[in-house]
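Asker:
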Amino acid sequence: MLRKLPYGANYLNYAEMSELRQALEEKILFRYQTIVPSAASKLEEHVQDKFKVLKALGCHNCTESLRLSLLATRPKIGDPVYIPSVSFVAVAGAVLSCGLIPVIVDVDENFCLDASRLPAAIERLILVHMEGTVNPFPSGIPFVIEDCAQAMGGQYPDGAYVGTKGFAGCFSFHHNKVLTSGEGGLIVTNNTVAWERMRQYHDHGCQRKQGEYPTWSEDAFYGENCVISEVIAAIQLQQMRHLDEIQEGLERGYRILLEALSPSARFVVRRRQPNDVKLSLRLEFESHETRTAFENILKRKSLPFWTLEKYYLPDHPVFKIKGSIYGDGFPWNLAPQDIFVERDFSKTRDRLLRTICISVSPEYTQSQQFAEAEKYRQAIGQL
Ligand SMILES: *Cc1c(COP(=O)(O)O)cnc(C)c1O
0 MLRKLPYGAN YLNYAEMSEL RQALEEKILF RYQTIVPSAA SKLEEHVQDK
50 FKVLKALGCH NCTESLRLSL LATRPKIGDP VYIPSVSFVA VAGAVLSCGL
100 IPVIVDVDEN FCLDASRLPA AIERLILVHM EGTVNPFPSG IPFVIEDCAQ
150 AMGGQYPDGA YVGTKGFAGC FSFHHNKVLT SGEGGLIVTN NTVAWERMRQ
200 YHDHGCQRKQ GEYPTWSEDA FYGENCVISE VIAAIQLQQM RHLDEIQEGL
250 ERGYRILLEA LSPSARFVVR RRQPNDVKLS LRLEFESHET RTAFENILKR
300 KSLPFWTLEK YYLPDHPVFK IKGSIYGDGF PWNLAPQDIF VERDFSKTRD
350 RLLRTICISV SPEYTQSQQF AEAEKYRQAI GQL
């Protein structure tokens, strides 16, 4: 029996991990100590070629990638960073842990950030491509950081890959994402100055020469250590080689599902754009009650699905309680009371509670996908 989720894990294959075997045979797992080109640098080159971007940097996870990107904008403590109302809480955690204040902006009917709601002359925005949906890129903002944790391989209508239009793009290789190394993160950017800052900060603020002890320049700043291990980089490289295949499997499965589910008065299909990563088919029901009834049918039939209300941030404890690990409540203590939520988000909440995502299984053959789609068609028929 094939596992339906997560996608990346289905493609883990030791036989294809030549870089991992090489790293283990050489007995050097620190990227800056290798004698031959490191698996990490090979991974970064692969990503630069694939996504047509000047620079890539591996690091520990996407949350860290977001933090490094935010820090590379050289913000001042307490600066606001705009984030969408529907996104994973890691986005808020990344902002807060940099000493910055997340300001929630509402999303549209596709759960994409509604740029028309943004105040004028903002400096920083995290654009999140949720669940494979490519969020249109807003213009006129100096620092747009793209969170591509759920959308690796997605493309804008002009063909540019997600992550390559903004100041920086951040990716995750967590267990649940398109590709996986258990944990793992990656940053891409066309800004070479920003890349150098991130590289330094992620390596104790130092300058690095392969094989040598680090040095610190006269204008060095402090840093942290988020340097990627050779083991993780090698696994990610093996995963990256499957990206196109996963995309094709998702495209095909999505089309088959779309055709199988005939229109009904009880739901609408929220259609995806041509180059979205089609992780699921999204159905929006007339009411939460109808959705719950459909959920129960899917559960009885053991058909995979998920819902999105877990991503609704305005009600998340991080925003409700405004807790902090610091004794003085930092950085919430720096923010005026009314900066967090600028309007009523109940429409979005209602839409989330009426939405269900039917899982697309990219590793299935075409005939398996047809068989799977038929089961969902029957489930809809039982509503
Ligand atoms: C998973 C996820 C993250 C965090 O990624 P990690 O690699 O687990 O740190 C950030 N943003 C979104 C939208 C995610 O889905």
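Numbering that gives the first Met the number 0 numbers the first residue of the sequence shown as 0 and each following residue consecutively. Just so it is clear, CB atoms sit at the ideal spot from N, CA and C, and this is done for glycine as well.
1) Is the CB-CB distance between R348 and Y311 below 8 angstroms?
2) According to DSSP, is K300 part of a helix, a strand, or is it coil?
3) For V102 versus S84, is the C-beta spacing smaller than 8 angstroms?
4) Let me check you understand the geometry: is the CB of D146 closer than 7 angstroms to at least one non-hydrogen atom of ligand 1?
5) Around the C-beta of F142, are 16 or more other C-beta atoms found within 10 angstroms, so that it is buried, or is it exposed?
6) What beta strand (DSSP E) runs, 3 residues minimum, are completely inside the segment 122-183?
7) In its own chain, which residues sit with a C-beta less than 7 angstroms from the C-beta of D157, not counting the 5 before and 5 after it?
8) Is Y81 helix, strand or coil when you go by DSSP?
9) Please tell me whether, using a cut-off of 7 angstroms, the distance from the CB of H201 to the nearest non-hydrogen atom of ligand 1 is below it.
10) Could you tell me the distance, in whole angstroms, from the CA atom of L95 to the CA atom of P303?
11) Where do the ends of the alpha helix (DSSP H) carrying P36 lie?
12) By the DSSP assignment, the beta strand (DSSP E) with V268 in it spans what residues?
13) Output the distance between the C-alpha atoms of A367 and S360, rounded to the nearest integer angstrom.
14) Using 7 angstroms as the cut-off, classify the Cβ of A334 as near or not near the heavy atoms of ligand 1, replying yes or no.
15) Kindly examine ligand 3 and report whether one of its heavy atoms sits closer than 7 angstroms to the Cβ of S96.
16) For D327 and L333, what's the separation of their Cα atoms in angstroms?
17) What does the Cβ neighbour count give for Y375, buried or exposed, with the cut at 16 atoms within 10 Å?
18) Does the beta-carbon of D343 have 16 or more other beta-carbons within 10 angstroms, so that it is buried, or is it exposed?
19) Thinking just about the alpha-carbon of each residue, which of A259, K176, F284 is nearest to the one in N60?
20) Let me have the residue list for ligand 1: C-beta closer than 7 angstroms to any non-hydrogen atom, ordered along the chain.
21) Curious, which full-length alpha helix (DSSP H) runs of at least 4 residues does the segment 208-282 contain?
22) Pick helix, strand or coil for S360, following the three-state DSSP scheme.
23) How many Å lie between E373 and A150 at the Cα?
24) Please determine, among P313, Y363, H174, the residue with the shortest C-alpha to C-alpha distance to G7.
25) Please identify the residue among R251, H287, P316 whose C-alpha is closest to the C-alpha of S358.
26) Compute the Euclidean distance between the alpha carbons of E362 and S180, then round it to the nearest angstrom.
27) So, is N134 buried or exposed, given that buried needs 16 or more other C-beta atoms within 10 angstroms?
28) Alpha carbon to alpha carbon, how far is C169 from G380? Give it in angstroms, no decimals.
29) Measure the alpha-carbon distance for L282 versus S323 and round it to whole angstroms.
30) How far does the beta strand (DSSP E) with V90 in it extend, from its first residue to its last?
31) Express the C-alpha separation of Q246 and R353 in angstroms, rounding to a whole number.
32) Helix, strand or coil for Y311? Go by DSSP, reduced to three states.
33) Is it buried or exposed, V192, if we count other Cβ atoms within 10 angstroms and call 16 or more buried?
34) Should K277 be labelled buried (16 or more other beta-carbon atoms within 10 Å of its own) or exposed?
35) Of the residues S86, N109, V80, which one's Cα is nearest the Cα of L117?
Answerer: With the given structure in hand:
1) The sequence position of residue 348 within the sequence shown is 349, counting from 1. The sequence position of residue 311 within the sequence shown is 312, counting from 1. Contact flag set, yes.
2) As a position in the sequence shown, residue 300 is number 301, starting the count at 1. K300: coil per DSSP, three-state reduction.
3) Position 103 of the sequence shown, counting from 1, holds the residue named residue 102. Position 85 of the sequence shown, counting from 1, holds the residue named residue 84. No; because the gap between Cβ atoms is not below 8 angstroms, this pair is not in contact.
4) Position 147 of the sequence shown, counted from the start, is the residue given in the question as residue 146. Checking every heavy atom of ligand 1 against the Cβ of D146, one is found closer than 7 angstroms.
5) Taking the first residue of the sequence shown as position 1, residue 142 is located at position 143. With 16 or more other Cβ atoms within 10 Å, it is buried.
6) You should have 123-127, 142-146, 167-171.
7) Start at 1 with the first residue of the sequence shown, and residue 157 comes out as number 158. Here D157 has no same chain residue with a Cβ atom under 7 angstroms from its own Cβ, once five neighbours each way along the sequence are excluded.
8) Locating residue 81 in the sequence shown gives position 82, counting from the first residue. Note: Y81 maps to strand in three-state DSSP.
9) As a first step, residue 201 is located in the sequence shown; it is residue number 202 there, counting from the start. Result no, Cβ not under 7 angstroms from ligand 1.
10) Along the sequence shown, read from residue 1 onward, the residue named residue 95 stands at position 96. Along the sequence shown, read from residue 1 onward, the residue named residue 303 stands at position 304. Taking the Cα positions, L95 is about 34 angstroms away from P303.
11) Working through the sequence shown from its first residue, we reach residue 36 at position 37. From DSSP, P36 is part of no alpha helix (DSSP H); its letter is neither H nor E.
12) For the purposes of this step, residue 268 is taken as residue 269 along the sequence shown, with counting starting at 1. Counting along the chain, the beta strand (DSSP E) containing V268 begins and ends at 266-269.
13) One-based indexing of the sequence shown puts residue 367 at position 368. One-based indexing of the sequence shown puts residue 360 at position 361. Sequence check: residue 367 is Gln here, not Ala. If you draw a straight line from the Cα of Q367 to the Cα of S360, it comes to about 9 angstroms.
14) As a first step, residue 334 must be located in the sequence shown, where it is residue number 335. Flag unset: Cβ of A334 not near ligand 1.
15) Annotation note on ligand 3: not contained in the displayed structure, which lists ligand 1 as its ligands.
16) As a position in the sequence shown, residue 327 is number 328, starting the count at 1. As a position in the sequence shown, residue 333 is number 334, starting the count at 1. Across the structure, D327 and L333 are spaced so that their CA atoms are roughly 10 angstroms apart.
17) Walking along the sequence shown from the start, residue 375 turns up at place 376. In this structure Y375 is buried. Its beta-carbon is surrounded by 16 or more other beta-carbon atoms within 10 angstroms.
18) As a working mapping, residue 343 is identified with position 344 in the sequence shown. Per the 10 Å Cβ criterion, exposed.
19) Taking the first residue of the sequence shown as position 1, residue 60 is located at position 61. Per the Cα distances, K176.
20) Listed along the chain, these residues meet the criterion: N60, C61, T62, E63, L65, S86, F87, A89, V90, V127, M129, D146, A148, Q149, S171, F172, H173, N175, K176, E182, G183, G184.
21) Complete alpha helix (DSSP H) runs here, min 4: 229-239, 242-259.
22) Locating residue 360 in the sequence shown gives position 361, counting from the first residue. Coil, per DSSP.
23) Here the question's residue 373 lines up with position 374 in the sequence shown. Here the question's residue 150 lines up with position 151 in the sequence shown. A direct Cα-to-Cα measurement between E373 and A150 gives close to 27 angstroms.
24) If you number the sequence shown from 1, residue 7 lands on position 8. Taking only the C-alpha atoms, the option nearest G7 is H174.
25) Here the question's residue 358 lines up with position 359 in the sequence shown. Minimum Cα distance to S358 is reached at R251.
26) For the purposes of this step, residue 362 is identified with residue 363 of the sequence shown, where counting begins at 1. For the purposes of this step, residue 180 is identified with residue 181 of the sequence shown, where counting begins at 1. Each residue's Cα considered, the two are about 18 angstroms apart.
27) Locating residue 134 in the sequence shown gives position 135, where the first residue counts as 1. By the neighbour-count criterion, in which 16 or more other beta carbons inside 10 Å mark a residue as buried, N134 falls on the buried side.
28) Translated into positions along the sequence shown, residue 380 becomes position 381. Translated into positions along the sequence shown, residue 169 becomes position 170. The straight-line gap from Cα to Cα measures roughly 41 angstroms.
29) Counting from 1 along the sequence shown, the entry for residue 282 is found at position 283. Counting from 1 along the sequence shown, the entry for residue 323 is found at position 324. Distance between the alpha carbons of L282 and S323: 37 angstroms.
30) Stepping through the sequence shown from its first residue, residue 90 is reached at position 91. Run containing V90: none in the beta strand (DSSP E); it sits in the alpha helix (DSSP H), 89-96.
31) Reading the sequence shown from its first residue, position 354 is the one you call residue 353. Reading the sequence shown from its first residue, position 247 is the one you call residue 246. Whole-angstrom Cα-Cα distance: 27 angstroms.
32) Taking the sequence shown and counting its residues from 1, one reaches residue 311 at position 312. Residue state for Y311 is assigned as strand, using DSSP reduced to three classes.
33) What you label residue 192 is simply residue 193 of the sequence shown in a count that begins at 1. By the 10 Å Cβ count, V192 comes out exposed.
34) Your numbering for residue 277 matches position 278 in the sequence shown. Classification for K277: buried.
35) Walking along the sequence shown from the start, residue 117 turns up at place 118. The option with the nearest alpha carbon to L117 is V80.
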